[in-house]
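Worksheet: one structure, shown below.
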Ligand SMILES: Cc1cc2nc3c(=O)[nH]c(=O)nc-3n(C[C@H](O)[C@H](O)[C@H](O)COP(=O)(O)O)c2cc1C
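Residue numbers (the numbering used here): 11 to 413.
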């Protein structure tokens, strides 16, 4: 993405590298971006707001009181809404900690908390501060929240020795931001993913479930969000943490899943059905817990659930529809039949008879099948890498649909 014409909020925090932000703002202006600067109180000790106002050609926000005197009563919301993207540069350990924890105790941190659009963080600090486990935890949290964090450079620090924590040069920061925005091929695309297993009640305490861990669907949702997609994840039973960078809807039964899918499907561009959906439900689940008496046999009548993929295949108009086929035998043959039968755009086939891949495992292998194309073989890789391969194919299909 070119930064030309973009509205960019630059947040300066109190690090020694603040002096480099003057050149950075000049580069943004040269790239024909519109720039507004906000500074923390600490930052104003390192570089004058007058310098930043002159270079950015706009008044600088430093605190709530000054803004109020200028008649800007909710300045943090105003700048947050105005900006197409926000850059925190240099980012202190302090602001990283605040952003990671939703703390909003001054103008800069309040504006960042109020910003839903893209955020770029350029940390700069002493090497020991950067290596501190709490700082690293906070950096990890920012990345999980979908915030772009630039890796600091290794080099001569203000303390007079070399170490990791230096702010990269302004030109390198600019190139990194441009690259990050270009590397988001799913920007503006709405992706719906289902993950995990459904549970069909037998009585109030028992259910019929399956061995799905939800890892594959979660990897797909996380990866799509990192590629800029607006992701909704419908999650059944999962054995791992749910991502924080997507909208999550929880479901239990097949019926819940069906209801939520029908609500969400029309407003999405892509649906990836990675959930392990029960093929049957118990016809009459007991209202009371079934007693465990000796010699007593319990008979359950299972009724077939409709096939959601087929239903949606018939219903879809513009959406890209991706299904999963978990097979224990005749993998390619069965998956090819599914592809033809269900009017889907892609079937990911994996062999769940192997204990080293598939259900519960951190790895997966299989085939990506599309109509009128040779199957793409994916050999054993981690589920996030497998997810990336699937999303590459999805992106190609979207581009084809766009013409
Ligand atoms: C001379 C000096 C240099 C500093 N340099 C840094 C720095 O490079 N990175 C950093 O994280 N903190 C640095 N600090 C500490 C921050 O200024 C301090 O944590 C402050 O509370 C940050 O506030 P802010 O995040 O609201 O701007 C420095 C402090 C001083 C006095």
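Think of the CB as a built atom: it goes at the ideal place given N, C-alpha and C, for glycine as much as any other residue.
As the structure is a prediction and not an experimental result, all values here were calculated from the model.
Pair within 8 Å by beta-carbon distance, residue i and residue j
i: residue 109; j: residue 25; result: no
i: residue 286; j: residue 243; result: no
i: residue 62; j: residue 132; result: no
i: residue 48; j: residue 89; result: yes
i: residue 190; j: residue 158; result: yes
i: residue 96; j: residue 129; result: yes
i: residue 70; j: residue 45; result: no
i: residue 401; j: residue 194; result: no
i: residue 156; j: residue 255; result: yes
i: residue 330; j: residue 280; result: yes
i: residue 338; j: residue 379; result: no
i: residue 278; j: residue 200; result: yes
i: residue 373; j: residue 391; result: yes
i: residue 85; j: residue 117; result: yes
i: residue 72; j: residue 59; result: yes
i: residue 315; j: residue 336; result: no
i: residue 13; j: residue 188; result: yes
i: residue 93; j: residue 125; result: yes
i: residue 192; j: residue 207; result: no
i: residue 342; j: residue 385; result: yes
Residue burial classification, residue i (beta-carbon count within 10 angstroms, cutoff 16)
i: residue 66; result: buried
i: residue 356; result: buried
i: residue 349; result: buried
i: residue 68; result: exposed
i: residue 304; result: exposed
i: residue 150; result: exposed
i: residue 83; result: exposed
i: residue 33; result: exposed
i: residue 203; result: buried
i: residue 396; result: buried
i: residue 393; result: buried
i: residue 35; result: buried
i: residue 301; result: exposed
i: residue 120; result: buried
i: residue 222; result: buried
i: residue 312; result: exposed
i: residue 55; result: exposed
i: residue 171; result: exposed
i: residue 101; result: buried
i: residue 381; result: exposed
i: residue 23; result: buried
i: residue 111; result: exposed
i: residue 276; result: exposed
i: residue 168; result: exposed
i: residue 30; result: buried
i: residue 166; result: exposed
i: residue 232; result: buried
i: residue 376; result: buried
i: residue 15; result: exposed
Neighbour flag for residue i against chain C, beta carbons, 8 Å
i: residue 316; result: In summary, chain C is missing from the structure at hand, where a single protein chain is found.
Heavy atom of ligand 2 within 7 Å of residue i beta-carbon
i: residue 90; result: This structure lacks ligand 2; the ligands present are ligand 1.
If we require 3 or more residues per run, which beta strand (DSSP E) segments fall completely within the segment 132-182? The beta strand (DSSP E) runs of length 3 or more contained entirely in the segment 132-182 are, from start to end of the chain, 163-166, 172-176.
Would you call the segment 160-171 in contact with the segment 252-262, where contact means no fewer than 3 C-beta pairs closer than 8 Å? They do not touch, by the three-pair rule.
Mind pulling the beta strand (DSSP E) runs of 3 or more residues that sit fully within the segment 62-121? 95-101, all fully within the segment 62-121.
Is the segment 302-320 touching the segment 334-353, taking contact as three or more C-beta pairs under 8 Å? These segments touch.
Could you give the uninterrupted runs of the beta strand (DSSP E) lying entirely in the segment 213-255, keeping only those of 3 residues or more? Segments of the beta strand (DSSP E) lying fully in the segment 213-255: 240-245.
Curious, which full-length alpha helix (DSSP H) runs of at least 4 residues does the segment 268-346 contain? Complete alpha helix (DSSP H) runs here, min 4: 318-325.
Considering only heavy atoms of ligand 1 and the C-beta of each residue, which residues fall inside 7 Å, strictly closer? Those residues that have a beta carbon less than 7 Å away from any non-hydrogen atom of ligand 1 are, in order along the chain, 23, 24, 25, 26, 27, 50, 51, 52, 53, 100, 102, 103, 104, 105, 116, 118, 134, 135, 136, 139, 168.
Tell me whether the segment 231-246 and the segment 140-148 touch, counting them as touching only if at least three CB pairs, one residue from each stretch, are closer than 8 Å. Note that the segment 231-246 does not touch the segment 140-148; fewer than 3 beta-carbon pairs, one per stretch, sit closer than 8 Å.
If we count Cβ pairs, one from each stretch, closer than 8 Å, do we get three or more for the segment 285-300 versus the segment 207-215? In the pairwise beta carbon analysis, the segment 285-300 is classified as touching the segment 207-215: at least three pairs are separated by under 8 Å.
For the 8 Å Cβ check, are there 3 or more pairs between the segment 271-285 and the segment 219-227? Three or more pairs of CB atoms, one per stretch, sit closer than 8 Å, so the segment 271-285 contacts the segment 219-227.
Can you list the alpha helix (DSSP H) stretches of 4 or more residues lying completely in the segment 14-57, in chain order? Secondary structure within the segment 14-57: the alpha helix (DSSP H) runs of 4 or more consecutive residues, fully enclosed, are 29-40, 51-56 (chain order).
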